[in-house]
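2 protein chains.
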Amino acid sequence: MGSGRNSYHHGDLRRSLIDEGLALTRSRGPRALGLRAVTRQVGVSANAAYRHFANQQALVAAVAGEILEKMAAQMREFITADPSPDPREQARHRLRAVGLGYITFAVSEPGWFETAFFGTEMSDRQSTGSDDHDETPERHETASDDHDEAPEHYDEAPPFALLVEALDGMVAAGVLSAERRPGAEWSCWSAVHGFAELVVHGPLRQRESVEVMTLAARVVEDIIAGIR
Amino acid sequence: MGSGRNSYHHGDLRRSLIDEGLALTRSRGPRALGLRAVTRQVGVSANAAYRHFANQQALVAAVAGEILEKMAAQMREFITADPSPDPREQARHRLRAVGLGYITFAVSEPGWFETAFFGTEMSDRQSTGSDDHDETPERHETASDDHDEAPEHYDEAPPFALLVEALDGMVAAGVLSAERRPGAEWSCWSAVHGFAELVVHGPLRQRESVEVMTLAARVVEDIIAGIR
DNA sequence: GCAACATGTGTACACTGTGAACTTCATACA
DNA sequence: TGTATGAAGTTCACAGTGTACACATGTTGC
Numbered sequence: 000m001g002s003g004r005n006s007y008h009h010g011d012l013r014r015s016l017i018d019e020g021l022a023l024t025r026s027r028g029p030r031a032l033g034l035r036a037v038t039r040q041v042g043v044s045a046n047a048a049y050r051h052f053a054n055q056q057a058l059v060a061a062v063a064g065e066i067l068e069k070m071a072a073q074m075r076e077f078i079t080a081d082p083s084p085d086p087r088e089q090a091r092h093r094l095r096a097v098g099l100g101y102i103t104f105a106v107s108e109p110g111w112f113e114t115a116f117f118g119t120e121m122s123d124r125q126s127t128g129s130d131d132h133d134e135t136p137e138r139h140e141t142a143s144d145d146h147d148e149a150p151e152h153y154d155e156a157p158p159f160a161l162l163v164e165a166l167d168g169m170v171a172a173g174v175l176s177a178e179r180r181p182g183a184e185w186s187c188w189s190a191v192h193g194f195a196e197l198v199v200h201g202p203l204r205q206r207e208s209v210e211v212m213t214l215a216a217r218v219v220e221d222i223i224a225g226i227r
Numbered sequence: 000m001g002s003g004r005n006s007y008h009h010g011d012l013r014r015s016l017i018d019e020g021l022a023l024t025r026s027r028g029p030r031a032l033g034l035r036a037v038t039r040q041v042g043v044s045a046n047a048a049y050r051h052f053a054n055q056q057a058l059v060a061a062v063a064g065e066i067l068e069k070m071a072a073q074m075r076e077f078i079t080a081d082p083s084p085d086p087r088e089q090a091r092h093r094l095r096a097v098g099l100g101y102i103t104f105a106v107s108e109p110g111w112f113e114t115a116f117f118g119t120e121m122s123d124r125q126s127t128g129s130d131d132h133d134e135t136p137e138r139h140e141t142a143s144d145d146h147d148e149a150p151e152h153y154d155e156a157p158p159f160a161l162l163v164e165a166l167d168g169m170v171a172a173g174v175l176s177a178e179r180r181p182g183a184e185w186s187c188w189s190a191v192h193g194f195a196e197l198v199v200h201g202p203l204r205q206r207e208s209v210e211v212m213t214l215a216a217r218v219v220e221d222i223i224a225g226i227r
């Protein structure tokens with residue numbers, strides 16, 4: 000059948016829940032992504048979500064995954080063709096675009112950014128807090144019964160892959176020496192992610208976005224110069 | 000009288016709540032800092048906390064403030080006297096120590112680090128979510144415009160002040176040019192905070208701490224080289 | 001047509017933060 | 001020496017949360 004919801008069964012509830020999760024987090028961040036809130040919005044009972052997600056965290060992880068895809072897509076748009084014929088300058092431009100694209104996404108979609116990187120942390124269940132100290136042996140990852148589900152693998156996330164590509168391109172173009180290549184992703188990722196973090200819930204929060212992007216350009220420039 | 004709790008009144012409940020908050024967040028992060036959990040641990044009713052804090056966020060903010068003090072203290076310990084007589088090298092060493100001290104704190108006290116920078120975000124109340132029409136009966140507004148509540152001033156936080164000091168020292172020592180000084184704090188803060196973030200809930204989470212500190216040294220070196 | 005199965009509903013429970021009214025105690029003042 | 005006052009802690013209540021369990025409903029293979 001089509002994706003209508005004219006009857007008892009919904010059609011594609013999983014898709015609808017994720018879509019509504021995207022809408023909620025876009026405007027109000029990860030704390031708006033309650034299990035009851037999402038199901039209420041879709042017009043379905045709260046427990047219906049458990050047919051498609053092991054728990055709330057799994058829903059958040061699924062939404063976060065789609066946000067990371069959107070982020071990578073916007074970053075790719077950011078990497079337009081470079082007018083410069085010099086491959087050295089092209090490689091540098093590409094790396095710059097990766098960094099600025101990352102930050103641009105965080106600035107223009109703070110709710111999504113927050114959800115992608117801190118969403119699952121926000122929705123943790125409590126653990127009784129009994130007085131004797133426990134070592135918290137949690138780590139129950141719900142075994143990922145479904146196909147997708149890559150909740151915490153930032154290092155496999157599409158934006159990270161773009162960064163790695165750009166850095167490899169730097170080496171290929173001869174702008175970055177091979178022995179300084181390993182570890183460079185952590186410097187770049189740290190600077191760019193840290194800056195986004197400062198914008199989203201740090202001291203740069205209420206600054207004008209043009210001022211923010213000026214500072215962002217400085218940060219990106221500095222870290223590219225720093226990895227050498 | 001002393002700080003005993005032998006009678007109906009507690010003595011210094013505010014202090015005890017913060018101390019217990021520090022203990023809880025140290026081992027289990029900001030999500031363990033529930034209002035009921037803290038008061039239960041102290042042995043007092045839940046609403047007793049409201050005599051000392053406007054709400055849960057205020058408690059978290061108070062705990063976060065004390066953590067930032069501890070962080071700055073550990074960073075200051077990290078800045079030991081430099082054997083080098085060269086003031087240029089001293090200034091650089093100082094900046095390096097600020098960065099590595101910051102990261103070291105995050106690595107050795109992840110629960111505290113998370114609480115200091117993300118604690119208040121974790122405990123936000125929801126707002127009904129029905130963007131349709133609201134027929135909520137009269138809602139008495141608490142109108143708490145009265146007392147301040149400034150929980151988010153990272154840029155006035157002690158660790159940030161240490162960074163600014165170190166950068167000014169770089170200029171004074173002639174290692175950093177005056178016209179590249181403005182904005183340099185954002186580059187450094189971004190790189191260091193971003194790296195700490197990757198360690199605390201990013202892809203570097205379960206790496207050995209010696210390996211983490213090796214990578215940290217690289218990041219700090221890169222960003223110092225980058226600001227020029 | 002009917003069993004098996006997947007999907008959505010209803011009820012219930014243990015939690016949470018917080019408001020309002022009540023109780024206890026320490027202290028200033030007659 | 002009382003006694004009013006007010007700060008500090010208690011109890012009760014309420015709305016809201018995630019989720020476990022039993023049940024209802026619709027789809028699909030035989």
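Protein sequences appear in the order of chains A and B. Read in numbering that gives the first Met the number 0, the first sequence has 78 at position 79, and its numbers run on one by one without any break. Read in numbering that gives the first Met the number 0, the second sequence has 53 at position 54, and its numbers run on one by one without any break. All C-beta atoms in this analysis are idealised placements derived from N, C-alpha and C, irrespective of residue type, glycine included.
Check                                                                                                                        : Outcome
Contact the segment 185 to 203 of chain A vs the segment 104 to 121 of chain A: 3+ CB pairs below 8 Å                        : yes
Inter-stretch contact at 8 Å, needing at least 3 Cβ pairs: the segment 16 to 34 of chain B / the segment 70 to 80 of chain B : no
Member of 98(A), 223(A) and 110(A) whose CA lies at the smallest distance from the CA of residue 162(A)                      : 98(A)
Under 8 Å by beta carbon: chain A residues contacting residue 224(B)                                                         : 224, 225 and 227
Close-in-space but distant-in-sequence residues of the same chain around residue 159(B) (CB under 8 Å, 5 per side omitted)   : 153, 184 and 188
Inter-residue spacing [alpha-carbon to alpha-carbon] between residue 54(A) and residue 115(B)                                : 28 Å
Beta carbon proximity, residue 173(A) to chain B, threshold 8 Å                                                              : no
Host alpha helix (DSSP H) of residue 112(A) (start-end)                                                                      : 109 to 121
Boundaries of the alpha helix (DSSP H) in which residue 192(B) is found, first to last residue                               : 183 to 200
Proximal residues, the segment 193 to 207 of chain A versus chain B, C-beta separation under 7 Å                             : 193, 194, 196, 197, 200, 201 and 202
Residue 148(B) in three-state terms, based on DSSP                                                                           : With a pLDDT of only 36 at residue 148(B), under the threshold of 50, the placement of this residue in the model should not be trusted, and no figure is reported.
Selected residue, minimal CA-CA separation from residue 180(A), among 225(A), 209(A) and 197(A)                              : 225(A)
Per-residue contacts from residue 214(A) into chain B (C-beta, under 7 Å)                                                    : 182 and 185
Residue from 22(B), 113(B), 35(B) and 96(B) with nearest C-alpha to residue 77(B)                                            : 96(B)
Rounded C-alpha distance that separates residue 204(A) from residue 49(B)                                                    : 29 Å
Chain A within 8 Å of residue 190(B), Cβ atoms only                                                                          : yes
Close-in-space but distant-in-sequence residues of the same chain around residue 197(B) (CB under 7 Å, 5 per side omitted)   : 203
Run of the alpha helix (DSSP H) containing residue 219(B), from where it starts to where it stops                            : 208 to 226
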